[in-house]
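First up is the structure itself, then whatever we jot down about it.
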Amino acid sequence: MTENNSAAKKHLTLNDRTEIQDCLYKGMTFKAIGKLIGKDQTTVSKEVKKHMQSHITAHCQDKEAVCPKLLRAPFVCNPCQQSRICRLPKRLYAAKRAQAEYEELLVEARSGIPLGKEEFYEVDRIVAKGIKNGQHLYHILQTHQLGIAQSTVYRHLQKGYLSVSAIDFPRVVKFKPRKPKPAAYVPKALKAGRAYEDFLAHIAENGSSSWVEMDTITGRTGGKAILTLDFTFCNFMAGILLDNKTSAEVAEKITALKSALLAQNLRFGDIFPLLLTDNGGEFANVFAIENDADSEKETRLFFCDPYKSCQKPRVEKNHTLFRDIVPKGESFDGFTQQTVNTIFSHINSVKRKIYNGKTPFELFVFTYGEKYAGALGIRKIPAADVIQSPSLLIE
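Numbered according to the working numbering, the sequence shown spans residues 7 to 401.
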(Lines of atoms letter the chains of each structure in order from A; the text may use other names.)
(Lines give C-alpha, C1' and ligand atoms only; values in the text may rest on other atoms or scores of the structure.)
Protein backbone atom coordinates (compact mmCIF):
# COMPACT_ATOMS: atom_id res chain seq x y z
CA MET A 7 0.00 0.00 0.00
CA THR A 8 1.31 3.41 -0.90
CA GLU A 9 1.83 6.19 1.56
CA ASN A 10 -1.01 8.15 -0.03
CA ASN A 11 -3.45 5.29 0.43
CA SER A 12 -2.34 4.91 4.03
CA ALA A 13 -2.95 8.59 4.67
CA ALA A 14 -6.36 8.36 3.04
CA LYS A 15 -7.42 5.82 5.63
CA LYS A 16 -7.26 8.55 8.27
CA HIS A 17 -10.54 9.88 6.84
CA LEU A 18 -13.87 8.12 7.07
CA THR A 19 -15.02 6.56 3.82
CA LEU A 20 -18.56 5.94 2.59
CA ASN A 21 -18.17 2.31 3.70
CA ASP A 22 -17.17 3.50 7.19
CA ARG A 23 -20.19 5.80 7.32
CA THR A 24 -22.48 3.01 6.13
CA GLU A 25 -21.09 0.77 8.89
CA ILE A 26 -21.77 3.54 11.43
CA GLN A 27 -25.34 3.94 10.17
CA ASP A 28 -26.01 0.17 10.28
CA CYS A 29 -24.48 -0.17 13.74
CA LEU A 30 -26.53 2.74 15.07
CA TYR A 31 -29.71 0.98 13.94
CA LYS A 32 -28.47 -2.11 15.81
CA GLY A 33 -28.03 -0.07 18.99
CA MET A 34 -24.26 -0.46 19.22
CA THR A 35 -22.24 2.03 21.30
CA PHE A 36 -19.74 4.49 19.83
CA LYS A 37 -16.94 2.45 21.38
CA ALA A 38 -18.11 -0.79 19.76
CA ILE A 39 -18.59 0.93 16.40
CA GLY A 40 -15.11 2.44 16.61
CA LYS A 41 -13.57 -0.98 17.24
CA LEU A 42 -15.46 -2.40 14.29
CA ILE A 43 -14.30 0.19 11.74
CA GLY A 44 -10.84 0.74 13.25
CA LYS A 45 -11.42 4.28 14.48
CA ASP A 46 -11.45 5.94 17.90
CA GLN A 47 -14.85 6.22 19.58
CA THR A 48 -14.49 10.02 19.70
CA THR A 49 -14.16 10.02 15.90
CA VAL A 50 -17.46 8.16 15.62
CA SER A 51 -19.11 10.48 18.15
CA LYS A 52 -17.94 13.61 16.32
CA GLU A 53 -19.03 12.16 13.00
CA VAL A 54 -22.57 11.49 14.23
CA LYS A 55 -22.92 14.86 15.96
CA LYS A 56 -21.57 16.76 12.96
CA HIS A 57 -23.76 15.12 10.32
CA MET A 58 -26.98 14.25 12.14
CA GLN A 59 -30.04 15.85 10.52
CA SER A 60 -33.21 17.16 12.19
CA HIS A 61 -36.53 15.93 10.84
CA ILE A 62 -39.81 17.64 11.72
CA THR A 63 -42.87 15.90 10.28
CA ALA A 64 -46.45 17.14 10.01
CA HIS A 65 -47.65 15.01 12.93
CA CYS A 66 -45.12 16.43 15.42
CA GLN A 67 -47.09 17.77 18.38
CA ASP A 68 -44.41 20.19 19.56
CA LYS A 69 -41.78 21.24 17.02
CA GLU A 70 -39.60 22.81 19.74
CA ALA A 71 -39.62 19.78 22.05
CA VAL A 72 -36.52 17.61 22.49
CA CYS A 73 -36.70 13.91 23.25
CA PRO A 74 -34.77 13.14 26.50
CA LYS A 75 -33.04 10.22 24.74
CA LEU A 76 -31.34 12.65 22.37
CA LEU A 77 -29.49 14.29 25.26
CA ARG A 78 -27.21 11.28 25.63
CA ALA A 79 -25.33 8.99 23.27
CA PRO A 80 -25.86 8.19 20.48
CA PHE A 81 -27.78 11.54 20.18
CA VAL A 82 -29.85 10.28 17.22
CA CYS A 83 -33.08 8.34 16.74
CA ASN A 84 -31.61 5.58 14.55
CA PRO A 85 -31.64 2.87 17.27
CA CYS A 86 -35.02 3.89 18.74
CA GLN A 87 -37.73 1.31 18.05
CA GLN A 88 -40.44 3.91 18.67
CA SER A 89 -39.19 6.43 16.12
CA ARG A 90 -41.90 5.65 13.56
CA ILE A 91 -44.74 6.45 15.92
CA CYS A 92 -42.96 9.15 17.95
CA ARG A 93 -44.56 12.60 17.70
CA LEU A 94 -41.41 14.49 18.68
CA PRO A 95 -38.89 16.02 16.24
CA LYS A 96 -36.31 13.45 15.16
CA ARG A 97 -32.58 13.43 14.54
CA LEU A 98 -31.16 10.87 12.16
CA TYR A 99 -27.71 9.95 10.89
CA ALA A 100 -27.64 9.03 7.18
CA ALA A 101 -24.40 7.74 5.68
CA LYS A 102 -24.85 9.02 2.12
CA ARG A 103 -25.83 12.51 3.25
CA ALA A 104 -22.87 12.61 5.66
CA GLN A 105 -20.52 11.56 2.86
CA ALA A 106 -21.91 14.27 0.56
CA GLU A 107 -21.40 16.94 3.24
CA TYR A 108 -17.86 15.69 3.87
CA GLU A 109 -16.96 15.79 0.17
CA GLU A 110 -18.38 19.30 -0.16
CA LEU A 111 -16.31 20.47 2.81
CA LEU A 112 -13.23 18.78 1.37
CA VAL A 113 -13.58 20.64 -1.90
CA GLU A 114 -13.91 23.95 -0.07
CA ALA A 115 -10.91 23.21 2.13
CA ARG A 116 -8.70 22.40 -0.87
CA SER A 117 -9.74 25.30 -3.03
CA GLY A 118 -7.49 27.83 -1.31
CA ILE A 119 -4.25 29.14 -2.78
CA PRO A 120 -0.98 27.97 -1.11
CA LEU A 121 1.06 30.67 0.55
CA GLY A 122 3.78 32.19 -1.56
CA LYS A 123 7.09 33.41 -0.15
CA GLU A 124 5.89 36.95 0.56
CA GLU A 125 2.59 35.78 2.05
CA PHE A 126 4.39 33.31 4.32
CA TYR A 127 6.73 35.97 5.71
CA GLU A 128 3.75 38.28 6.32
CA VAL A 129 1.93 35.53 8.24
CA ASP A 130 5.09 34.80 10.22
CA ARG A 131 5.46 38.49 11.10
CA ILE A 132 1.85 38.79 12.30
CA VAL A 133 1.95 35.55 14.29
CA ALA A 134 5.30 36.39 15.89
CA LYS A 135 4.13 39.84 16.94
CA GLY A 136 0.92 38.48 18.44
CA ILE A 137 2.67 35.65 20.29
CA LYS A 138 5.23 38.05 21.81
CA ASN A 139 2.27 40.11 23.08
CA GLY A 140 0.97 37.02 24.86
CA GLN A 141 -1.93 36.50 22.46
CA HIS A 142 -3.26 33.03 21.78
CA LEU A 143 -2.89 31.63 18.30
CA TYR A 144 -6.63 31.33 17.60
CA HIS A 145 -7.10 34.99 18.58
CA ILE A 146 -4.31 36.05 16.20
CA LEU A 147 -5.65 34.07 13.24
CA GLN A 148 -9.21 35.30 13.71
CA THR A 149 -8.24 38.93 14.31
CA HIS A 150 -6.17 39.21 11.15
CA GLN A 151 -8.23 36.74 9.09
CA LEU A 152 -5.11 35.00 7.89
CA GLY A 153 -7.02 32.13 6.31
CA ILE A 154 -4.78 29.32 7.59
CA ALA A 155 -5.47 26.61 10.15
CA GLN A 156 -3.96 26.44 13.62
CA SER A 157 -2.63 22.98 12.77
CA THR A 158 -0.65 24.48 9.87
CA VAL A 159 1.01 27.02 12.15
CA TYR A 160 1.85 24.35 14.74
CA ARG A 161 3.28 22.12 12.00
CA HIS A 162 5.50 24.97 10.79
CA LEU A 163 6.50 25.58 14.40
CA GLN A 164 7.60 21.96 14.86
CA LYS A 165 9.65 22.11 11.66
CA GLY A 166 11.35 25.35 12.76
CA TYR A 167 9.98 27.51 9.96
CA LEU A 168 8.73 30.33 12.20
CA SER A 169 10.75 33.14 13.75
CA VAL A 170 9.24 32.28 17.16
CA SER A 171 9.85 29.05 19.06
CA ALA A 172 7.62 26.79 21.14
CA ILE A 173 8.70 28.48 24.38
CA ASP A 174 7.22 31.77 23.15
CA PHE A 175 3.73 30.29 22.82
CA PRO A 176 1.50 30.64 25.90
CA ARG A 177 0.55 26.99 26.11
CA VAL A 178 2.67 24.80 23.82
CA VAL A 179 5.41 23.97 26.34
CA LYS A 180 2.79 23.16 29.01
CA PHE A 181 1.41 20.21 27.08
CA LYS A 182 2.63 16.81 28.23
CA PRO A 183 3.12 13.99 25.72
CA ARG A 184 -0.02 11.95 25.36
CA LYS A 185 -0.10 8.65 27.19
CA PRO A 186 -0.09 5.63 24.90
CA LYS A 187 -3.54 4.31 24.16
CA PRO A 188 -4.51 0.98 25.71
CA ALA A 189 -4.34 -1.99 23.40
CA ALA A 190 -7.39 -2.41 21.19
CA TYR A 191 -9.72 -5.30 21.92
CA VAL A 192 -12.89 -6.90 20.60
CA PRO A 193 -16.06 -5.35 22.12
CA LYS A 194 -17.99 -7.66 24.42
CA ALA A 195 -21.16 -7.35 22.34
CA LEU A 196 -19.40 -8.81 19.30
CA LYS A 197 -18.17 -11.84 21.28
CA ALA A 198 -21.69 -12.95 22.19
CA GLY A 199 -21.95 -16.50 20.85
CA ARG A 200 -18.29 -16.40 19.81
CA ALA A 201 -16.55 -16.97 23.18
CA TYR A 202 -14.17 -19.87 23.82
CA GLU A 203 -16.85 -21.84 25.63
CA ASP A 204 -19.03 -21.43 22.53
CA PHE A 205 -16.11 -22.72 20.46
CA LEU A 206 -15.78 -25.84 22.64
CA ALA A 207 -19.51 -26.45 22.40
CA HIS A 208 -19.40 -26.04 18.62
CA ILE A 209 -16.58 -28.53 18.00
CA ALA A 210 -18.20 -31.03 20.41
CA GLU A 211 -21.57 -30.73 18.66
CA ASN A 212 -20.13 -30.99 15.16
CA GLY A 213 -17.33 -33.43 15.89
CA SER A 214 -14.71 -31.02 14.57
CA SER A 215 -11.13 -32.20 14.98
CA SER A 216 -9.35 -29.36 13.19
CA TRP A 217 -9.71 -25.62 12.64
CA VAL A 218 -7.60 -22.60 11.73
CA GLU A 219 -5.89 -20.59 14.44
CA MET A 220 -5.44 -16.93 13.51
CA ASP A 221 -3.00 -14.41 15.00
CA THR A 222 -0.75 -11.48 14.11
CA ILE A 223 3.02 -11.01 14.30
CA THR A 224 4.31 -7.47 14.78
CA GLY A 225 7.58 -5.94 13.68
CA ARG A 226 8.35 -2.29 14.39
CA THR A 227 5.76 -0.65 16.64
CA GLY A 228 3.30 1.18 14.41
CA GLY A 229 4.70 -0.45 11.28
CA LYS A 230 3.66 -3.36 9.12
CA ALA A 231 2.41 -6.60 10.67
CA ILE A 232 1.65 -10.11 9.42
CA LEU A 233 -1.65 -11.96 9.77
CA THR A 234 -0.95 -15.66 10.30
CA LEU A 235 -3.33 -18.55 9.60
CA ASP A 236 -2.38 -21.98 10.97
CA PHE A 237 -4.25 -25.14 9.91
CA THR A 238 -4.15 -27.20 13.09
CA PHE A 239 -4.41 -30.67 11.47
CA CYS A 240 -1.00 -30.28 9.80
CA ASN A 241 0.52 -26.96 11.07
CA PHE A 242 0.46 -25.53 7.56
CA MET A 243 0.74 -21.75 7.97
CA ALA A 244 0.02 -18.92 5.56
CA GLY A 245 0.79 -15.23 6.11
CA ILE A 246 -0.81 -12.01 4.87
CA LEU A 247 1.14 -8.74 5.05
CA LEU A 248 -0.76 -5.93 6.81
CA ASP A 249 0.14 -2.27 6.33
CA ASN A 250 -1.06 -1.64 9.88
CA LYS A 251 -2.54 -3.64 12.73
CA THR A 252 -6.15 -2.42 12.58
CA SER A 253 -9.51 -4.12 12.12
CA ALA A 254 -10.07 -2.16 8.91
CA GLU A 255 -6.81 -3.46 7.43
CA VAL A 256 -7.50 -7.07 8.47
CA ALA A 257 -11.02 -6.84 7.03
CA GLU A 258 -9.68 -5.42 3.76
CA LYS A 259 -7.05 -8.14 3.36
CA ILE A 260 -9.45 -10.97 4.26
CA THR A 261 -11.97 -9.62 1.75
CA ALA A 262 -9.23 -9.44 -0.88
CA LEU A 263 -8.28 -13.08 -0.16
CA LYS A 264 -11.90 -14.17 -0.56
CA SER A 265 -12.09 -12.37 -3.92
CA ALA A 266 -8.80 -13.93 -5.08
CA LEU A 267 -10.07 -17.40 -4.19
CA LEU A 268 -13.38 -16.83 -5.98
CA ALA A 269 -11.48 -15.74 -9.09
CA GLN A 270 -10.03 -19.28 -9.14
CA ASN A 271 -13.42 -20.91 -8.44
CA LEU A 272 -12.36 -21.58 -4.85
CA ARG A 273 -14.29 -20.69 -1.72
CA PHE A 274 -12.88 -19.20 1.49
CA GLY A 275 -15.34 -21.10 3.69
CA ASP A 276 -14.25 -24.47 2.28
CA ILE A 277 -10.81 -24.26 3.90
CA PHE A 278 -11.61 -21.73 6.66
CA PRO A 279 -14.92 -23.05 8.03
CA LEU A 280 -13.80 -22.51 11.62
CA LEU A 281 -11.47 -19.77 12.92
CA LEU A 282 -10.10 -19.30 16.44
CA THR A 283 -8.23 -16.16 17.45
CA ASP A 284 -7.46 -13.89 20.40
CA ASN A 285 -9.11 -10.67 21.57
CA GLY A 286 -6.94 -8.29 19.57
CA GLY A 287 -8.82 -5.30 18.21
CA GLU A 288 -7.62 -6.09 14.69
CA PHE A 289 -10.21 -8.91 14.62
CA ALA A 290 -13.15 -6.73 15.65
CA ASN A 291 -14.76 -6.64 12.19
CA VAL A 292 -16.29 -10.08 12.63
CA PHE A 293 -18.78 -9.67 9.79
CA ALA A 294 -16.10 -9.04 7.17
CA ILE A 295 -14.32 -12.20 8.34
CA GLU A 296 -17.38 -14.44 8.66
CA ASN A 297 -19.53 -13.35 5.71
CA ASP A 298 -19.11 -13.76 1.97
CA ALA A 299 -19.70 -11.08 -0.68
CA ASP A 300 -23.47 -11.65 -0.41
CA SER A 301 -23.40 -11.13 3.38
CA GLU A 302 -24.07 -14.83 3.92
CA LYS A 303 -22.13 -16.49 6.74
CA GLU A 304 -19.50 -18.87 5.37
CA THR A 305 -17.13 -19.03 8.35
CA ARG A 306 -17.54 -19.31 12.12
CA LEU A 307 -15.22 -17.05 14.14
CA PHE A 308 -14.52 -17.64 17.84
CA PHE A 309 -12.33 -15.85 20.40
CA CYS A 310 -10.08 -17.27 23.10
CA ASP A 311 -10.53 -16.16 26.68
CA PRO A 312 -8.60 -12.95 27.51
CA TYR A 313 -4.88 -13.54 28.20
CA LYS A 314 -5.20 -17.24 27.28
CA SER A 315 -2.88 -17.65 24.32
CA CYS A 316 -2.47 -21.27 25.42
CA GLN A 317 -5.92 -21.90 23.92
CA LYS A 318 -4.40 -21.52 20.43
CA PRO A 319 -1.02 -23.22 21.00
CA ARG A 320 -0.29 -24.34 17.44
CA VAL A 321 -0.10 -20.92 15.85
CA GLU A 322 1.93 -19.61 18.81
CA LYS A 323 4.37 -22.52 18.48
CA ASN A 324 4.67 -22.13 14.74
CA HIS A 325 5.63 -18.47 15.22
CA THR A 326 8.95 -19.70 16.65
CA LEU A 327 9.82 -21.05 13.18
CA PHE A 328 9.07 -17.62 11.74
CA ARG A 329 11.38 -16.04 14.33
CA ASP A 330 14.18 -18.34 13.23
CA ILE A 331 14.12 -16.39 9.96
CA VAL A 332 12.98 -12.96 11.22
CA PRO A 333 14.25 -12.35 14.77
CA LYS A 334 12.00 -10.45 17.16
CA GLY A 335 12.41 -6.68 16.89
CA GLU A 336 13.10 -6.72 13.14
CA SER A 337 10.93 -4.39 11.09
CA PHE A 338 8.60 -5.72 8.38
CA ASP A 339 8.35 -2.34 6.65
CA GLY A 340 10.59 -3.46 3.79
CA PHE A 341 8.60 -6.66 3.21
CA THR A 342 6.28 -7.34 0.31
CA GLN A 343 3.66 -10.08 0.14
CA GLN A 344 6.15 -12.06 -1.93
CA THR A 345 8.64 -11.84 0.95
CA VAL A 346 6.03 -13.24 3.34
CA ASN A 347 5.11 -16.02 0.89
CA THR A 348 8.78 -17.03 0.59
CA ILE A 349 9.22 -17.18 4.37
CA PHE A 350 6.17 -19.39 4.91
CA SER A 351 6.98 -21.58 1.90
CA HIS A 352 10.25 -22.50 3.62
CA ILE A 353 8.53 -22.95 7.01
CA ASN A 354 5.92 -25.27 5.48
CA SER A 355 8.65 -27.33 3.80
CA VAL A 356 10.39 -28.24 7.08
CA LYS A 357 9.99 -31.96 7.86
CA ARG A 358 8.21 -32.58 11.18
CA LYS A 359 8.84 -35.49 13.53
CA ILE A 360 5.20 -35.43 14.67
CA TYR A 361 4.18 -36.27 11.08
CA ASN A 362 6.77 -39.03 10.58
CA GLY A 363 9.04 -36.88 8.44
CA LYS A 364 6.28 -35.38 6.30
CA THR A 365 6.04 -31.63 5.82
CA PRO A 366 3.00 -29.42 6.50
CA PHE A 367 2.96 -28.60 2.77
CA GLU A 368 2.63 -32.28 1.81
CA LEU A 369 -0.21 -32.89 4.27
CA PHE A 370 -2.07 -29.74 3.25
CA VAL A 371 -1.81 -30.51 -0.47
CA PHE A 372 -2.92 -34.12 0.15
CA THR A 373 -6.07 -32.74 1.83
CA TYR A 374 -6.91 -29.65 -0.26
CA GLY A 375 -4.74 -29.85 -3.38
CA GLU A 376 -1.97 -27.65 -4.73
CA LYS A 377 -4.46 -25.13 -6.13
CA TYR A 378 -5.43 -23.95 -2.64
CA ALA A 379 -1.78 -23.85 -1.53
CA GLY A 380 -0.91 -21.73 -4.54
CA ALA A 381 -3.87 -19.42 -3.90
CA LEU A 382 -2.45 -18.82 -0.42
CA GLY A 383 0.95 -17.98 -1.95
CA ILE A 384 2.73 -21.12 -0.71
CA ARG A 385 4.96 -23.29 -2.91
CA LYS A 386 7.00 -26.42 -2.25
CA ILE A 387 10.68 -25.93 -1.39
CA PRO A 388 12.92 -28.96 -2.06
CA ALA A 389 14.20 -30.41 1.23
CA ALA A 390 17.85 -29.67 0.42
CA ASP A 391 17.03 -26.02 -0.39
CA VAL A 392 15.10 -25.18 2.78
CA ILE A 393 16.63 -22.23 4.66
CA GLN A 394 15.56 -21.71 8.25
CA SER A 395 17.71 -18.70 9.19
CA PRO A 396 17.92 -14.91 8.51
CA SER A 397 20.12 -15.67 5.51
CA LEU A 398 16.93 -16.48 3.59
CA LEU A 399 16.23 -12.76 3.30
CA ILE A 400 19.76 -11.76 2.29
CA GLU A 401 19.92 -11.10 -1.43
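Glycine residues also receive a C-beta, built at the ideal position from the N, C-alpha and C atoms.
What is the rounded straight-line gap between the Cα of residue i and the Cα of residue j?
| i | j | result |
| --- | --- | --- |
| LEU152 | LYS230 | 39 Å |
| SER117 | PHE126 | Note that SER117 has pLDDT 49, beneath the 50 cutoff, so the model's placement of it is unreliable and the number below is only indicative. For SER117 and PHE126, the distance between alpha carbons rounds to 18 Å. |
| GLY287 | VAL192 | 5 Å |
| THR261 | ILE295 | 7 Å |
| LEU235 | VAL218 | 6 Å |
| LYS303 | TYR99 | 27 Å |
| LYS102 | ASN362 | 58 Å |
| TYR31 | CYS83 | 9 Å |
| ILE119 | LEU111 | Reliability fails at ILE119, whose pLDDT of 46 lies under 50, so the model's placement of it is uncertain and no value is given. |
| PRO74 | GLN88 | 13 Å |
| SER301 | LYS264 | 13 Å |
| ASP284 | GLY140 | 52 Å |
| GLN343 | ALA79 | 42 Å |
| VAL332 | PRO396 | 6 Å |
| ALA104 | ARG97 | 13 Å |
| GLN148 | HIS142 | 10 Å |
| SER214 | LEU76 | 47 Å |
| GLU128 | PHE175 | 18 Å |
| SER253 | HIS150 | 43 Å |
| GLU203 | LYS318 | 13 Å |
| LEU20 | PHE372 | 43 Å |
| ALA38 | GLN47 | 8 Å |
| ARG90 | HIS145 | 46 Å |
| GLN59 | ILE154 | 29 Å |
| MET220 | GLU70 | 53 Å |
| ASP22 | ASN250 | 17 Å |
| LEU398 | PHE370 | 23 Å |
| ASN324 | ALA299 | 31 Å |
| ALA207 | ILE62 | 50 Å |
| GLY375 | LYS55 | 52 Å |
| LYS314 | PHE205 | 14 Å |
| GLU211 | LEU282 | 16 Å |
Taking residue i as the reference, which of the options has the closest Cα?
| i | options | result |
| --- | --- | --- |
| THR24 | ILE43, TYR313, LYS55 | ILE43 |
| ILE173 | VAL218, LYS138, VAL192, PRO95 | LYS138 |
| ILE400 | LEU369, PHE370, PHE341, LEU382 | PHE341 |
| GLU336 | VAL321, ALA101, GLY228 | GLY228 |
| ILE232 | ALA381, SER397, PHE239, LEU248 | LEU248 |
| VAL256 | LEU268, LEU267, PHE293 | PHE293 |
| MET34 | HIS61, PHE81, LEU18 | PHE81 |
| ALA106 | GLU258, HIS57, LYS45, LEU281 | HIS57 |
| ASN291 | LYS334, ARG90, LYS45 | LYS45 |
| LYS194 | TYR144, THR365, LYS41 | LYS41 |
| GLU109 | HIS17, GLY375, SER216 | HIS17 |
| ASP2 | SER60, GLU70, VAL72, CYS86 | With the chain covering 7 to 401 only, the question about residue 2 has no answer from this structure. |
| LEU382 | ILE154, LEU267, CYS92 | LEU267 |
| PHE367 | SER60, THR238, PRO95, VAL170 | THR238 |
| SER355 | ILE393, VAL321, GLY380, LYS318 | ILE393 |
| ASP339 | TYR313, LYS323, GLY225, ALA379 | GLY225 |
| GLU258 | PRO95, LYS323, ASN297, LEU280 | ASN297 |
| VAL346 | GLN156, ILE223, TYR378 | ILE223 |
| ALA390 | GLU376, LYS357, LYS377 | LYS357 |
| LYS377 | ILE209, ARG93, ALA269 | ALA269 |
| ILE360 | SER171, ARG320, HIS61 | ARG320 |
| LEU272 | PHE205, ALA379, TYR313 | ALA379 |
Starting from residue i, trace the alpha helix (DSSP H) in both directions and tell me its first and last residue.
| i | result |
| --- | --- |
| PHE237 | Unbroken run through PHE237 is the beta strand (DSSP E), 231–237; no alpha helix (DSSP H). |
| GLY245 | Unbroken run through GLY245 is the beta strand (DSSP E), 242–248; no alpha helix (DSSP H). |
| THR19 | Segment: none, THR19 is in no alpha helix (DSSP H) and carries neither H nor E. |
| ILE43 | 36–43 |
| LEU268 | 253–269 |
The beta strand (DSSP E) with residue i in it runs from where to where?
| i | result |
| --- | --- |
| ARG97 | 96–98 |
| PHE338 | Where PHE338 is concerned, there is no enclosing beta strand (DSSP E), given that its DSSP letter is neither H nor E. |
| HIS61 | 59–61 |
Under 9 Å, Cβ to Cβ, is there at least one residue of chain D near residue i?
| i | result |
| --- | --- |
| ALA101 | Note that chain D does not occur in the displayed structure, where there is just one protein chain. |
Can residue i be considered in contact with the ligand SAM, in the sense that its beta carbon sits closer than 8 Å to one or more heavy atoms?
| i | result |
| --- | --- |
| VAL332 | Annotation note on the ligand SAM: not contained in the displayed structure, which lists no ligands. |
Stretch-stretch touch, CB-based, cutoff 8 Å, three pairs: the stretch 126–141 with the stretch 43–57:
No, the stretch 126–141 is not in contact with the stretch 43–57.
Spell out a yes or no on whether the stretch 191–200 and the stretch 288–308 are touching, meaning 3 or more CB-CB pairs, one atom from each, closer than 8 Å.
With the cut-off at 8 Å, the stretch 191–200 and the stretch 288–308 touch.
Does the stretch 161–175 touch the stretch 271–289, meaning 3 or more C-beta pairs lie closer than 8 Å?
Contact between the stretch 271–289 and the stretch 161–175 is not established, with fewer than three Cβ pairs separated by less than 8 Å.
In chain order, which continuous runs of the beta strand (DSSP E) of length 3 or greater are located wholly inside the stretch 150–227?
List check, beta strand (DSSP E) in window: 218–224.
May I ask you to verify whether the stretch 236–246 touches the stretch 313–331, counting CB pairs closer than 8 Å and requiring at least 3?
Contact between the stretch 236–246 and the stretch 313–331 is present: 3 or more CB-CB pairs across the two stretches fall below 8 Å.
Segments of 4+ residues assigned as alpha helix (DSSP H) that fall wholly inside the stretch 341–395
DSSP runs (the alpha helix (DSSP H)) wholly in the stretch 341–395: 343–353, 366–374, 376–381.
List in chain order: all unbroken alpha helix (DSSP H) runs of 4+ residues lying wholly within the stretch 271–295.
Those alpha helix (DSSP H) runs which fall completely within the stretch 271–295 and span 4+ residues are 274–277.
Every unbroken beta strand (DSSP E) within the stretch 296–337, with a cutoff of 3 residues, ordered by chain
Within the stretch 296–337, the complete beta strand (DSSP E) segments of 3 residues or longer fall at 306–309, listed in chain order.
Just checking, does the stretch 344–360 make contact with the stretch 380–394 on the three C-beta pairs under 8 Å criterion?
Proximity of the stretch 344–360 to the stretch 380–394 meets the contact definition, three or more beta-carbon pairs being nearer than 8 Å.
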